[in-house]
Amino acid sequence: MRRLTEREGAGRRRTARLDNVEGKRAAGLDDVGGKRAAGLDNVEGKRAAGLDDVEGKRAARLDDVKGKRTAEADGAGMNVMKGAGAGGQASQAVTGPQGGWNQRKTMLLLMALSVVLLAAVTVAGQALEQQALVTDFSRKNLPPSLAYPFGTDFMGRDMFVRTVTGLSMSIRIGLLTAAVSAAIACVMGLLAATMGRFVDGLIIGLIDLVLGIPHILLLVLISFAMGKGFWGVVVGISLTHWTSLARLIRAEVLQLKASQYIRIAEKLGEGRLRIALRHMVPHLLPQLFVGLVLMFPHAILHEASITFLGFGLSPEQPAIGVILSESMKYLAMGRWWLALFPGLFLVFVVVLFHYTGDTLGRLLDPGHAHQ
208 MRRLTEREGA GRRRTARLDN VEGKRAAGLD DVGGKRAAGL DNVEGKRAAG LDDVEGKRAA
268 RLDDVKGKRT AEADGAGMNV MKGAGAGGQA SQAVTGPQGG WNQRKTMLLL MALSVVLLAA
328 VTVAGQALEQ QALVTDFSRK NLPPSLAYPF GTDFMGRDMF VRTVTGLSMS IRIGLLTAAV
388 SAAIACVMGL LAATMGRFVD GLIIGLIDLV LGIPHILLLV LISFAMGKGF WGVVVGISLT
448 HWTSLARLIR AEVLQLKASQ YIRIAEKLGE GRLRIALRHM VPHLLPQLFV GLVLMFPHAI
508 LHEASITFLG FGLSPEQPAI GVILSESMKY LAMGRWWLAL FPGLFLVFVV VLFHYTGDTL
568 GRLLDPGHAH Q
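My numbering applies: residue 208 is where the sequence shown begins, and numbers increase by one.
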């Protein structure tokens, strides 16, 4: 009986334990289900709130854009009405690279100013060439005044007339030598890139030789060997300014040779000369033009330099180098105007054309063509 009683007690305890475990499991499942349902409700609530917030912001942005467009339209309408009331001209603000004042318009303005300056100084210098040689010792060493804006020199010559005449001569020499140097650079660059390794090596060696000699020294030697004077200066400058442009032309031609249409022209049997003149030279014209514009101020500056040193134009000619050389004797006496105005005009012309050439080169570059 005792054993049966113990067995019944153990069975009851086991049953109680099972009931307890089942109760806890059911309570846990209910708790998990409740938390999951609460989490889902929370997520759905946040998602709905986020969607409502996004929709609200989108609607606010659309209202803002519509308001700005309406304000711009009203402002444009008011501008048009004001322009029509003033004289029938509608004032509209245009910005951006298509209608604004960009670098291309600045370059065109500089080019126009440079051409006008070249033409005016050249024509005026040729017209005043004889007057620049007239002497009058009764008016020598006069300071700048209304009658003589640049003063007079030690022989009574008008410094304004001599400065304009000297610049006219420098401009003519600069244009001629820059054109000749550009032509030499084009020929040398084409020959170096198209005539094989032997010719390429010879031309590259010649370029290195010219660049290895000090520029002014080589220029003085060539001018002195040619007997100085006008043609000595022209030959000296022309033979010393082509090297850098020739290297650029050679690099451009080598790049063009690797293009597809040049290879097709070679396979069709066209000769080297025909390919160079017909297919390559048109692509080299922008580089040649920019090189010519950039060489022009350097040619003017070097002409004045060797003339100042006594290896250029003759002292009888009213050149800028001659004027500056003569003024050195009188600067210590306080006659500053003899060197100031010719020097300023020379620097102005050099800086103007150098900036014009640099701006033109950037605009012809495909990377800056949008400016």
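Beta carbons: idealized from backbone N, C-alpha and C, even for Gly. Bear in mind the structure is a predicted one, so any value in this text is a computation, not a measurement.
- Between the C-alpha atoms of Thr566 and Val558 there is a straight-line separation of about 12 Å.
- Rounded to the nearest angstrom, the gap between the Cα atoms of Ile380 and Gly498 is 16 Å.
- Ile420 is classed as exposed because its beta carbon has fewer than 16 other beta carbons within 10 Å across all chains shown.
- Between His486 and the set Gly396, Tyr468, Val500, Leu570, the nearest pair of CA atoms involves Tyr468.
- Apart from sequence neighbours up to five positions away, the residues of its chain that approach Gly358 with a beta-carbon distance below 6 Å are Leu349, Pro350, Pro351, Met366, Trp544, ordered along the chain.
- Residue environment analysis places Val323 among the exposed positions, since fewer than 16 neighbouring C-beta atoms fall within 10 angstroms of its C-beta.
- Nearest to Thr370 by alpha-carbon distance, out of Thr563, Met535, Arg569, Leu531, is Leu531.
- Straight-line spacing of the CA atoms in Tyr537 and Val440 works out to 27 Å.
- Residues Trp449, Leu452, Ala453, Ile456, Gly498 of the same chain have their beta carbon placed closer than 7 Å to that of Ala392, with the five preceding and five following residues left out of the count.
- In chain order, Gly373, Met376, Thr514, Leu520 place their CB closer than 6 Å to the CB of Ala526, counting only its own chain and leaving out the 5 sequence neighbours on each side.
- Assigned with DSSP and collapsed to three states, Thr342 falls in coil, not helix or strand.
- Looking from the CA of Leu551, the closest CA among Thr329, Ile471, Ala511, Leu316 belongs to Ala511.
- The three-state secondary structure of Asp365, taken from DSSP, is strand.
- Thr359 sits in a strand when the DSSP states are folded into three classes.
- Scanning the stretch 459 to 500 from its first residue to its last, the whole alpha helix (DSSP H) runs of 4-plus residues come out as 467 to 474, 479 to 482.
- Rounded to whole angstroms, Arg481 and Thr401 show a C-alpha spacing of 12 Å.
- The beta carbon of Val442 sits closer than 7 Å to the beta carbons of Ile429, Met433 from its chain, once the five residues preceding and following it are set aside; these are given in chain order.
- Around the CB of His490, fewer than 16 other CB atoms lie within 10 Å, so the residue is classed as exposed.
- By the CB criterion at 8 Å, Thr342 and Arg364 fall inside the cutoff.
- In the DSSP assignment, Phe431 falls within the unbroken alpha helix (DSSP H) covering 422 to 432.
- Straight-line spacing of the CA atoms in Leu425 and Glu533 works out to 24 Å.
- Here the C-alpha atom of Leu508 lies approximately 8 Å from the C-alpha atom of Leu553.
- Exposed is the label assigned to Gly478, since fewer than 16 other Cβ atoms lie within 10 Å of its Cβ.
- For Thr563, the uninterrupted alpha helix (DSSP H) segment begins and ends at 544 to 571.
- Annotation: the continuous alpha helix (DSSP H) that includes Trp438 extends over 436 to 445.
- In the three-state scheme derived from DSSP, where H, G and I count as helix and E and B as strand, His448 is classed as coil.
- If you draw a straight line from the Cα of Gly396 to the Cα of Leu316, it comes to about 32 Å.
- Within the model, the alpha-carbon separation for Phe431 versus Gly517 is close to 10 Å.
- For Gln333, the three-state secondary structure derived from DSSP is helix.
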